[in-house]
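Read through the structure below, which is laid out as structure tokens, and then see the notes.
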Amino acid sequence: AMRQYALSLGVPDEAIVLDYAGRRTYDTCYRARAIFGVDKAILVTQKFHLPRALYLCAHLGVDAIGVTADRQYYRKLSRLFWNTRELLATLTALVDVHITRPLPVLGEPEPIFPLNE
1 AMRQYALSLG VPDEAIVLDY AGRRTYDTCY RARAIFGVDK AILVTQKFHL
51 PRALYLCAHL GVDAIGVTAD RQYYRKLSRL FWNTRELLAT LTALVDVHIT
101 RPLPVLGEPE PIFPLNE
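Residue 11 in the numbering used here sits at position 11 of the sequence shown, with consecutive numbering throughout.
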């Protein structure tokens, strides 16, 4: 869906790289550095998710800034669900970064910068 949206906005297909093994935020931040060679990033995500994503990137070697992408008002029940889920995900992130340090699916390096190479 995000790829199609980017294409509809005029982003060239060759400028889009999909991370098929980024199963969760920890994996995505880890793979950004280890596989794609990203050391600086702009994270665009929902407000409730942004602090955890920035924290993980910082601890996994990606210097990131964040932009919220919320375009709608979330009802109380939805906010309760997502905030509860995010609390649990944040606890998992703390354990991942400071205790278990799991190794995500890696693969061969695929540097994505510069795009014209």
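All C-beta atoms, glycine included, are put in the ideal place defined by N, C-alpha and C.
Just so you know, these numbers come straight off a predicted model, no measurement behind them.
For residue i, the three-state DSSP class (helix, strand or coil)
i, result
"Leu193", "With the chain running from 1 to 117 in the structure shown, residue 193 is simply not present."
"Asp19", "coil"
"Ile112", "coil"
"Ile35", "coil"
Identity of the residue in the options nearest residue i by Cα
i, options, result
"Arg71", "Met2, Gln46, Asp39, Leu88", "Gln46"
"Arg23", "Gly10, Pro111, Phe48, Leu103", "Leu103"
"Val97", "Phe36, Arg85, Gly61", "Gly61"
Span of the alpha helix (DSSP H) around residue i
i, result
"Lys47", "No alpha helix (DSSP H) contains Lys47, which DSSP labels as neither H nor E."
"Val95", "76-95"
Anticipated Cβ contact below 8 Å, residue i with residue j, distance rounded
i, j, result
"Arg33", "Ala89", "No, Arg33 and Ala89 are not in contact; Cβ-Cβ is about 20 Å, not under 8 Å."
Residue i - partner residues in DSSP beta bridges
i, result
"Thr68", "Thr45"
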